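Read the structure below first, then the notes.
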Amino acid sequence: MSKIDLLNQLVADLSIAFVKFHNLHWNVIGEPGERFKEVHEYAEELYDMLNENYDEVAERVKMLGEFPPASAKAYLERTKIEELENRDYTIHETYEHLRDTLEYLRGLIADARNKADEDDDFATVAMLEDIVQDYDKHIWFIKQALK
Ligand SMILES: [Fe+2]
């Protein structure tokens with residue numbers, strides 16, 4: 298895929314991951330000895346991060362003179378994120394879904410970063426490198442929580 302295709306894939310996937318993380322935020326349930334509110338609020342922190350990334354990546358596509366996908370229909374046609382059914386999720390399941398989704402997005406961000414580097418597009422490289430640092434921190438947090 299071209300750099301623009303990768304960035305536009307990222308826009309679509311971030312929008313659907315934002316919805317998916319709301320599902321987990323709303324439907325996570327506590328178990329004995331586990332803290333519901335902490336995970337509920339953590340999912341919110343993550344979808345706020347995705348929302349910021351969604352906008353900044355789309356605006357970067359505009360700065361590059363192209364059009365980012367800008368409708369729910371376009372996102373669903375393009376996304377590789379699997380949405381979740383509407384049911385209860387244990388804290389363990391919630392962390393696993395958060396981790397798997399962030400790891401997928403991290404891979405896509407890294408691919409887009411490397412394509413941008415081939416173009417000497419250092420502003421896109423810098424933006425994506427900043428985003429990756431945040432994802433690495435959160436993937437580490439979640440892995441620690443799952444140990
Ligand atoms: Fe909320």
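The opening position of the sequence shown corresponds to residue 298 in this note's numbering, with each subsequent residue numbered one higher. The C-beta atom is built at its ideal place from N, Cα and C for all residues, glycine as well. This one's a predicted model, so the numbers in the text were calculated from it and none came from an experiment.
According to DSSP, is residue 387 helix, strand or coil? strand
Please report the distance separating the alpha-carbon of residue 417 from that of residue 300. 11 Å
Is residue 335 a contact residue of ligand 1, with contact defined as CB to any heavy atom under 7 Å? no
What do you get for residue 368, buried or exposed, if any count of 16 or more other CB atoms within 10 angstroms of its CB means buried? exposed
What is the residue span of the alpha helix (DSSP H) that residue 431 lies within? 419-443
Closer than 7 Å: residue 341 CB and nearest ligand 1 heavy atom: yes
For residue 360, the first and last residue of its enclosing alpha helix (DSSP H): 333-360
Check the DSSP bridge columns for residue 326 and list the partner residues they point to. 387
With the cut-off set at 8 Å, would you say residue 317 and residue 380 are in Cβ contact? yes
Evaluate contact between the region 301-308 and the region 380-392, counting only Cβ atoms and requiring at least three cross-stretch pairs below 8 Å. no
So residue 400 and residue 428 are in contact, right, with Cβ under 8 Å, and what is the actual spacing, rounded? Not really, about 14 Å apart at Cβ, beyond 8 Å.
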